[in-house]
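Going by the numbering used here, the first residue of the sequence shown is number 4, and it counts up by one from there.
Note that CB positions come from ideal geometry on N, CA and C, so glycine has one too.
This one's a predicted model, so the numbers in the text were calculated from it and none came from an experiment.
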Amino acid sequence: MTTASDHPVLDTLAAMTMDSLERCGLPADTLILTRLAALAAMDAPAMSYVAHIDPAIKTNLTPAQVQDVLVAIAPIVGTARVMSAATHIAEALGFVIAVAEAEAEAELEG
4 MTTASDHPVL
14 DTLAAMTMDS
24 LERCGLPADT
34 LILTRLAALA
44 AMDAPAMSYV
54 AHIDPAIKTN
64 LTPAQVQDVL
74 VAIAPIVGTA
84 RVMSAATHIA
94 EALGFVIAVA
104 EAEAEAELEG
């Protein structure tokens, strides 16, 4: 059975993520760090990191912890992928900040 949706791809990805979170026994911070490592290994685009920013904040991950993960995986995935991941993480943070600023401005105007 399928349900109609305006955003079927995003809804499917969200459902897959929720299912994974419910089935995973890792602590939240370790789960997010593991996912960041996997994204880096795959040379994922910046938008793939966006979904992990809010959970990272909620689990009190620090930039140093994210950096440590990139350092830890560098010998395995290589310099180019680690540098690409660092760039994509920075782009994702910039996107999230821009959206938050726009929402805050809209609230002030409304």
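Whole angstroms is fine: what's the gap from A118's alpha carbon to F98's? Only positions 4 to 113 of the chain appear in the structure, and residue 118 is not among them; the question remains open.
If I'm right that A40 touches I92 with Cβ under 8 Å, what's the distance once you round it to whole angstroms? Actually they do not touch by this definition, with Cβ atoms about 12 Å apart.
Does the Cβ-Cβ distance between Y52 and E110 come in under 9 Å? no
Is DSSP giving G97 helix, strand or coil here? It is helical.
Length at least 4, wholly inside the region 30-99: the alpha helix (DSSP H) runs in chain order: 31-44, 49-61, 66-80
Please classify H55 as buried or exposed, where buried requires at least 16 neighbouring CB atoms within 10 angstroms. buried
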